[in-house]
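Here the structure comes first, spelled out in structure tokens, and everything after it is commentary.
Residue numbers (my numbering), protein chains in the order written: chain X, 9 to 110; chain C, 468 to 618; chain A, 976 to 1183.
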């Protein structure tokens, strides 16, 4: 049974292309960016604004190339922003304005 | 409830090839036969939670599989143990997949909703507004509209 | 708007500003959250393991209900998914992975290590577990079965490793210093004291 062609790109169990890749065991300290994104997701989860399931759906929806290009928490902030827009917590106009101010 | 020790088969179903979904049953177990180790409790269906839809509570099981048959490699005796929600499991009798196990209505019919902070209650049915693509690539279709081609 | 075209730092800045302006997540709440997550570390899991090795009652509680066991040690578990504990024996070794994302028992082990979230680890753990743990220098005798636990759903899983030989009269706080994050994920075995370079049963066989 070859399921390799059917799997979604984030569904990595047994994925052929990574089988020969070694494990980078080095400690990679989290950056301030990483910790803040992580914490924002935690606050949004605790307040019922978005579930961890919605976070995952957003991450899985990233095109495969972007999924692997982005760092772990860069994927998260994209998913968080997308979910906030999808839920109407923020609007595109508000986001555009906030980006313009930054 | 499926009792411990029951032989089950994971549905050989691939919804991700048909539409935009969120699935917690790994691809490598689809169609595979395993054994229920134990019932882990009942949890709201992540396939709905992921789209902020009202989620039915489902029984969750720890299911044990022989590891070597999964890829026809590995060491005899090694195993893979995975959490799987009941709708993905079929009872297997005499090697033939049977109908899905009947659900405990009292548990499965309970609908939970996440509480929204500043989110209108009717936004649960709202996924990504139709036609809106935030990734700049056709990878984020409206979950309600159906068709989704995997990237 | 194509979110992927944005500089992630800028996107974070905009999200931060909007959430603060709307009263959804203030900088103070975010800072508090960071502090709480930083406080969780493998030392907490190690303490649980060491107590389980020395207190049969706690061990039974930990295996039956990891969340309650952690709470009994004042480890904050509120809002965390249920904690399941996988008991290694001389015949059975557990290895935890999340092939779909990166589910990890953060309440008791802290942030997941970088490699745990990597595509290579997620791909290889379920397919070649013995080859994978060999990268950590871990070898198991063929008679010891590996059970790979793919963490796919609502639980979070940690391993209760075997207590190494040569620690018979050690108190729990000293035992805890032996237990590493990798031991509680299952890619390594708790090394026998004075034998930290070796990760195999070649040295005196650990006793449960």
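We put the beta carbon where it would ideally sit given N, CA and C, even for glycine.
Source: prediction; values computed, not measured.
Review point. Does any CB atom of chain X fall closer than 8 Å to the CB of residue 556/C?
Key: The sequence position of residue 556/C within the second chain is 89, counting from 1. It does not; no Cβ of chain X falls within 8 Å.
Review point. Taking Cβ positions only, does residue 1159/A come closer than 8 Å to chain E?
Key: This model lacks chain E altogether; the protein chains it does include are X, C and A.
Review point. Under the three-state reduction of DSSP, which class applies to residue 1108/A: helix, strand or coil?
Key: Residue mapping note: residue 1108/A aligns to position 133 of the third chain, counting from 1. In this structure, residue 1108/A counts as helix in the three-state DSSP scheme.
**Study point:** Buried/exposed call for residue 77/X, threshold 16 Cβ in 10 Å
**Key:** Taking the first residue of the first chain as position 1, residue 77/X is located at position 69. By the 10 Å Cβ count, residue 77/X comes out exposed.
Practice item. Put residue 1059/A into one of helix, strand or coil per three-state DSSP. Key: Within the third chain, numbered from 1, the residue matching residue 1059/A stands at position 84. Three-state DSSP puts residue 1059/A in a strand.
**Study point:** residue 1073/A versus 1035/A, 987/A, 1097/A and 1020/A, residue with shortest Cα-Cα distance
**Key:** Here residue 1073/A corresponds to residue number 98 of the third chain, with the count starting at 1. The residue with the shortest Cα to Cα distance from residue 1073/A is 1097/A.
Check your understanding: Do the stretch 1080-1096 of chain A and the stretch 1154-1167 of chain A touch if we need at least three Cβ pairs shorter than 8 Å?
Key -> yes
Review point. Where does residue 991/A fall in DSSP's three states?
Key: What you label residue 991/A is simply residue 16 of the third chain in a count that begins at 1. Note: residue 991/A maps to helix in three-state DSSP.
**Study point:** Residues of its chain near residue 533/C, where Cβ-Cβ distance is below 7 Å and the 5 sequence neighbours each way are ignored
**Key:** On the second chain, position 66 is the one that residue 533/C refers to. For residue 533/C, where only same-chain residues beyond five positions count, the Cβ hits under 7 Å are 546.
Point to revise | residue 544/C, DSSP secondary structure in three states | key: Along the second chain, read from residue 1 onward, the residue named residue 544/C stands at position 77. Residue 544/C falls in the coil class under three-state DSSP.
Check your understanding: Do the stretch 1136-1148 of chain A and the stretch 1006-1013 of chain A touch if we need at least three Cβ pairs shorter than 8 Å?
Key -> no
Review point. Counting Cβ pairs closer than 8 Å, one from the stretch 497-507 of chain C and one from the stretch 523-537 of chain C, do we hit at least three?
Key: Note that the stretch 497-507 of chain C touches the stretch 523-537 of chain C; at least 3 beta-carbon pairs, one per stretch, sit closer than 8 Å.
Check your understanding: Buried or exposed: which applies to residue 993/A, given that a residue is buried once 16 or more other Cβ atoms fall within 10 Å of its Cβ?
Key -> The sequence position of residue 993/A within the third chain is 18, counting from 1. So residue 993/A ends up on the buried side.
Point to revise | Element boundaries [beta strand (DSSP E), containing residue 507/C] | key: Taking the first residue of the second chain as position 1, residue 507/C is located at position 40. Note, residue 507/C: beta strand (DSSP E), 500-511.
Exercise for review: For residue 1074/A, return the contacting residues in chain C, with the cut-off set at a CB-CB distance below 7 Å.
Suggested key: Taking the third chain and counting its residues from 1, one reaches residue 1074/A at position 99. Those are 493, listed as they occur along chain C.
Exercise for review: Examine chain X for any beta-carbon lying closer than 8 Å to the beta-carbon of residue 1093/A, and answer yes or no.
Suggested key: Your numbering for residue 1093/A matches position 118 in the third chain. Output row for residue 1093/A: interface = yes.
Exercise for review: Name the residue from 105/X, 49/X, 109/X and 96/X whose alpha carbon lies nearest to the alpha carbon of residue 87/X.
Suggested key: In the first chain, the residue the question calls residue 87/X occupies position 79. Restricting attention to 105/X, 49/X, 109/X and 96/X, the CA atom closest to the CA of residue 87/X is found in 49/X.
Practice item. Confirm, please, whether the CB-CB distance from residue 1111/A to residue 1064/A is below 8 Å. Key: Within the third chain, residue 1064/A is the residue found at index 89, counting from 1. Within the third chain, residue 1111/A is the residue found at index 136, counting from 1. The answer is no: Cβ separation not under 8 Å.
Review point. Name the chain A residues that come within less than 7 Å of residue 95/X, Cβ to Cβ?
Key: Within the first chain, residue 95/X is the residue found at index 87, counting from 1. Going along chain A, no residue has its Cβ under 7 Å from residue 95/X, so there is no contact; the nearest lies around 11 Å.
**Study point:** Neighbour-count burial assignment, residue 82/X, 16 or more Cβ in a 10 Å radius
**Key:** Taking the first residue of the first chain as position 1, residue 82/X is located at position 74. With 16 or more other Cβ atoms within 10 Å, it is buried.
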